[in-house]
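Peer 1: Residue numbers (the numbering used here), protein chains in the order written: chain A, -2 to 437; chain B, -1 to 324. Even for Gly, the Cβ is constructed at its ideal location relative to N, Cα and C.
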C-alpha cells in the first residue's frame, strides 16, 4: 500500500511538473476587446525599472500615491533590476515581463513583437522630444523618459589651475589644453575608464555635433569608409586616439574603476571624461561627498566647431513602453504619461525634459553661456531604422560598445600593433563590407 | 516484503561491488515471490521510478538546453526575435573561416603552459604532505583554501594586487625593484599575470586530487622501500608517480579542457581587453554584444567538440592501463 502511494506521488510530481512547464511556455494572451491603451485605466500593473535607487528611497511610492489620486482603480507594483539592460532581454523571451518597461536594446523592427503601439509618431511630435528612438514605420512604441546632452564633463578648478581660460573648440586646442593640464597640475587630463568599458562608448553620442549634420547616423550607415577625415566618427575616435597617444590618459588603463573615477573627477585628480550630461549630477554629488564643491563640475561641448559655432547632440534616455501582453494596457499607458509629464523626474535628475515646452535643466546652463546650440538627430528613414545597428553587429565594429575602442586605445598607447591610419583602414574595411552586404 | 525492501540498501552498502552484482543476479533468478502478475510489473518498474527524478532533471536541465543550443547554431537568431530562420551550416562556415575567431585559441596556450607549473607545484606539495610533516593538516588547508574562494572574488583580489602601486608593486619595492612593469597593462605580460592567477586558484584542486591518490597507495610499499634503503626521491619515482599515473592523466585532460575554456579570471580582470580575450569571452561577446546568438551557439558547439576530440586523442595516446605496483 505504502509503495503504491509513493508511485502515485511520483506520477503526481511528474504531472505537476508537466503542467508547470506547459503553463510557462503556453500562457495565452488575453486580448479582450476593451484592453486597449485608450480604455479606462484600471487593474494591476507591474512597472519594471532600472532605477533601483528610486525604488529604495521611496520616490516611486510617492509617485504611485500621487498617481492613485487621479486613478484610484489602478494598483501599481514596482520592481527594480540592477542589471536591467541584460536581464530585461532575457525576460522578454517570456510573455510576462511587466506592464511598463524601458525598452532595452532590441531592433526597431522587433518593437511590434513585444510592445503595444501608442499611436502615430506624427501625433506626438507637437508635445514630445526624442521620439525617434522608439519609432518604427511611423508608429510610436515608447516615450523617452527624459533626455541627455552629449559632451565632456570636466573639473573647472583643474582647468583654471592649468591656466586655461577658454574652452577648446577644436581637436588641436583640446590637445594643447590637455598638455597644459599634464604639465601644470597633478591631475590625469583625460580618464578613459577603459576597464569598465562602457564609458568609452559614450563619445559616440556626439555623432552629428561635429559637422552639424542631423542625418549623421543615416549617412554613416551608407558610408563604406566612415573613418575618413572630415566625418563625425573620425573626429570622435581621432580625439580619443590622439589623447591616448599624447600620454594624456591614465597610466594603466587595465585597472580603471568607474566608481573611483567619479570621486577623482570631483576632487580634481581627473580633469575630464567624455560622458553624457546624465553624469553631471553624479559627479556633483561625488564632489560634494568628498570635500569638494559641486560647483567645480562643468560641462562642455565636444571640441569641434562649424564656422566657429559649437553644437551638442541631445537624445532620449530609456523609452518607456507598454507590454503587448499587458492585461491593463490603459493603466500602463496612463502611468507612463504620468511619469513623463507630471512626476518631475527630469528636474530632479538634471535631465532634459521630454516635454517640448519645458526649460533646459540648470546643469546645462554652461552650454547657454558658451553659446552651444542643441540639436536633435533626425530619425532614420522608414525601413532603415535598424540599419546602423545591423551593420555594427554584422561587421563586429561595436559603435555603441567598447570592444573596438579598447583596441584603439591599445594601439594608441603602443600595446598593440598598428597606428591610427592602419586601424582606421581596418575599421573601414570591415564596415564597408557590411554596408555593401546590407544596404540594398 | 516491505521490510526486505527497506533493509536492502543497508545490507548491500557493506558489500563490495562484485558481491552486489552477484546478489542482484541471484535475486532476479530467485524463486517466485508473493505478489502475482500485476505486482511484478510494478516491481520491475519501481527502479525506474527512483531513477525518474534524477534522469528527468538531467534531461530537462542539461540535455534539453544542449539540444536547443545545437538547434540555435543552425539559425540566425539574435537572442530575442520571435522567429528563428534556419541558415543551415552558415554559422559553422563562419566559425572556421573567420580568422579572428580562432586566433584567440593562442591565448589558451598561456594557461596550458601554466597548468604544467600548477601540476608540478601540486604534486610537489602532495608528495611532501603525504609523508609525516609537522603541521601537515594546516598546510593542506592553506593549499586547498584558494580553490574554495569564489572566482569573482579572486578576480577582484588580484585586480588590486596587480594595480600600479598595488600590493605586488609595494612588495617588490621592498626588494629594491623600483620600476615594476604594468602587470595587466603590458600586452606581453597580461596573459602571464592572468595565467598566474589561475595557477594560484586551481593548484589546490590538483593538490587534493594528488594527495587523495597518494594516500590510497598501500603503506607497506613505503615500508618495504625504506627497508631496501630507497631514498625519498627514489620512492617518488618508483612508487608514487606510477601509482597515481591515472590521476595525473585525469589532471592533464582537465588542464587541456580548462585552458581551452578559460573564462572567469580574464573576464573579471580585463574583460578580454588588451589581447587577453579567450574563446569563451569571444563567444559571450558574439552572443550578447553583437546579438548573434546563432553564431555564438555554433562557437559553443565547436568548443565542445574540440574538448571531446582532445580527450579522445589523449585516451588513445595514453590508454587507461591498469596500475600494478607489485
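Which residues in the same chain have their Cβ closer than 6 angstroms to the Cβ of residue 85 of chain A, if we skip the five residues on either side of it in sequence?
Peer 2: Around residue 85 of chain A: 101.
Peer 1: Name the chain B residues that come within less than 8 angstroms of residue 89 of chain A, Cβ to Cβ?
Peer 2: Those are 78, listed as they occur along chain B.
Peer 1: From residue 122 of chain A to residue 210 of chain A, what distance separates their C-alpha atoms?
Peer 2: Taking the straight line from one Cα to the other gives about 20 angstroms.
Peer 1: Near residue 273 of chain B, what residues of its chain come up, given a Cβ to Cβ distance below 6 angstroms and the 5 sequence neighbours on each side ignored?
Peer 2: 185, listed in sequence order.
Peer 1: Classify residue 51 of chain A: buried if its beta carbon has 16 or more other beta carbons within 10 angstroms, exposed otherwise.
Peer 2: It counts as buried.
Peer 1: Nearest to residue 181 of chain B by CA position, among B/298, B/162 and B/202, is which residue?
Peer 2: Closest option to residue 181 of chain B, Cα to Cα, is B/162.
Peer 1: Between residue 430 of chain A and chain B, is any beta-carbon pair separated by less than 8 angstroms?
Peer 2: With 8 angstroms as the cut-off, residue 430 of chain A does not count as an interface residue toward chain B.
Peer 1: In angstroms, rounded to a whole number, what distance separates the CA positions of residue 186 of chain A and residue 156 of chain A?
Peer 2: For residue 186 of chain A and residue 156 of chain A, the distance between alpha carbons rounds to 9 angstroms.
Peer 1: Should residue 88 of chain B be flagged as near chain A, meaning a C-beta pair shorter than 8 angstroms?
Peer 2: It does not: the Cβ of residue 88 of chain B has no partner Cβ on chain A nearer than 8 angstroms.
Peer 1: According to DSSP, which residues form a beta bridge with residue 41 of chain A?
Peer 2: The partner list for residue 41 of chain A (beta bridge, DSSP) reads A/72.
Peer 1: So residue 138 of chain B and residue 127 of chain B are supposed to be a Cβ contact under 8 angstroms. How far apart are they, rounded?
Peer 2: Going by Cβ atoms, the distance from residue 138 of chain B to residue 127 of chain B rounds to 6 angstroms, so yes, they are a contact pair.
Peer 1: For residue 264 of chain B, which of B/57, B/108 and B/167 has the nearest alpha-carbon?
Peer 2: The residue with the shortest Cα to Cα distance from residue 264 of chain B is B/108.
Peer 1: State the start and end residues of the unbroken beta strand (DSSP E) segment that holds residue 270 of chain A.
Peer 2: Segment 267 to 273, the beta strand (DSSP E) holding residue 270 of chain A.
Peer 1: Rounded to whole angstroms, what's the CA-CA distance from residue 233 of chain B to residue 242 of chain B? Just pull it up for me.
Peer 2: Approximately 13 angstroms between the Cα atoms of the pair.
Peer 1: Within the 8 angstroms Cβ cut-off, does residue 298 of chain B reach chain A?
Peer 2: Chain A, which has no Cβ nearer than 8 angstroms to the Cβ of residue 298 of chain B, makes this no.
Peer 1: Can the beta-carbon of residue 325 of chain A be found closer than 8 angstroms to that of residue 95 of chain A?
Peer 2: The answer is no: Cβ separation not under 8 angstroms.
Peer 1: Taking a contact to mean a Cβ-Cβ separation below 8 angstroms, would you say residue 106 of chain B touches residue 268 of chain B in this structure?
Peer 2: No, they are not a contact pair.
Peer 1: If you measure from the beta carbon of residue 403 of chain A to each beta carbon in chain B, is any gap under 8 angstroms?
Peer 2: It does; some Cβ of chain B falls within 8 angstroms.
Peer 1: Taking C-beta pairs closer than 7 angstroms, name the residues in chain B that residue 390 of chain A reaches, listed in chain order.
Peer 2: Result: 288, 289 and 290.
Peer 1: Given that a residue counts as buried once 16 or more other Cβ atoms are within 10 Å of its Cβ, and exposed if not, what is residue 235 of chain B?
Peer 2: Its Cβ having fewer than 16 others within 10 Å, residue 235 of chain B is exposed.
Peer 1: Once you ignore the five residues that flank residue 73 of chain B on each side, which residues in its own chain have a CB closer than 7 angstroms to its CB?
Peer 2: Hits under 7 angstroms: 82, 83, 84, 85 and 292.
Peer 1: Return the chain-ordered ranges of every alpha helix (DSSP H) run that is complete within the segment 339 to 398 of chain A and spans a minimum of 4 residues.
Peer 2: Those alpha helix (DSSP H) runs which fall completely within the segment 339 to 398 of chain A and span 4+ residues are 342 to 346, 362 to 367 and 384 to 392.
Peer 1: So residue 252 of chain A contacts chain B; which residues on that side make the cut at Cβ distance below 8 angstroms?
Peer 2: 157, 160, 161, 162, 164, 182 and 183, listed in chain order.
Peer 1: Between which two residues does the alpha helix (DSSP H) harbouring residue 210 of chain B extend?
Peer 2: Here the alpha helix (DSSP H) through residue 210 of chain B covers 188 to 213.
Peer 1: Using only alpha-carbon positions, find the residue among A/353, A/332, A/359 and A/333 that is nearest to residue 344 of chain A.
Peer 2: Among A/353, A/332, A/359 and A/333, the Cα nearest to that of residue 344 of chain A is on A/359.
Peer 1: Can you list, in chain order, the residues of the segment 251 to 285 of chain B whose Cβ is nearer than 7 angstroms to any Cβ on chain A?
Peer 2: Taking 7 angstroms as the Cβ-Cβ cut-off against chain A, the residues of the segment 251 to 285 of chain B that qualify are 268, 269, 271, 272, 273 and 283.
Peer 1: Judging by CA-CA distance, which residue of A/111, A/240, A/74 and A/132 is the nearest neighbour of residue 313 of chain A?
Peer 2: That would be A/132, whose Cα lies nearest to the Cα of residue 313 of chain A.
Peer 1: Smallest Cα separation from residue 203 of chain A: which of A/379, A/218 and A/274?
Peer 2: The candidate whose alpha carbon is nearest that of residue 203 of chain A is A/274.
Peer 1: Quick one: is residue 83 of chain A near chain B, going by C-beta distance under 8 angstroms?
Peer 2: For residue 83 of chain A, the answer is yes, since a Cβ of chain B falls inside 8 angstroms of its Cβ.
Peer 1: How long is the line joining the alpha carbons of residue 240 of chain A and residue 63 of chain A, rounded to whole angstroms?
Peer 2: Each residue's alpha carbon lies about 49 angstroms from the other.
Peer 1: Just mark residue 164 of chain A as buried or exposed, buried being the case when its beta carbon has 16 or more other beta carbons within 10 Å.
Peer 2: When all chains shown are included, residue 164 of chain A counts as buried.
Peer 1: Under the three-state reduction of DSSP, which class applies to residue 5 of chain B: helix, strand or coil?
Peer 2: With a pLDDT of only 40 at residue 5 of chain B, under 50, the local geometry of the prediction cannot be trusted, and the value read off the model is given with reservation. Residue 5 of chain B: helix per DSSP, three-state reduction.
Peer 1: Compare the C-alpha of residue 147 of chain A against each of A/60, A/71, A/308 and A/58 and name the closest.
Peer 2: Closest by alpha carbon: A/308.
Peer 1: DSSP three-state call for residue 146 of chain A: helix, strand or coil?
Peer 2: Correct three-state label for residue 146 of chain A: strand.
Peer 1: Looking at C-alpha atoms only, which residue of B/206, B/67, B/117 and B/78 is the closest neighbour of residue 296 of chain B?
Peer 2: Here the closest residue by C-alpha is B/67.
Peer 1: Roughly how many angstroms lie between the CA atoms of residue 176 of chain B and residue 164 of chain B, to the nearest whole one?
Peer 2: Rounded to whole angstroms, residue 176 of chain B to residue 164 of chain B spans 13 angstroms at the Cα level.
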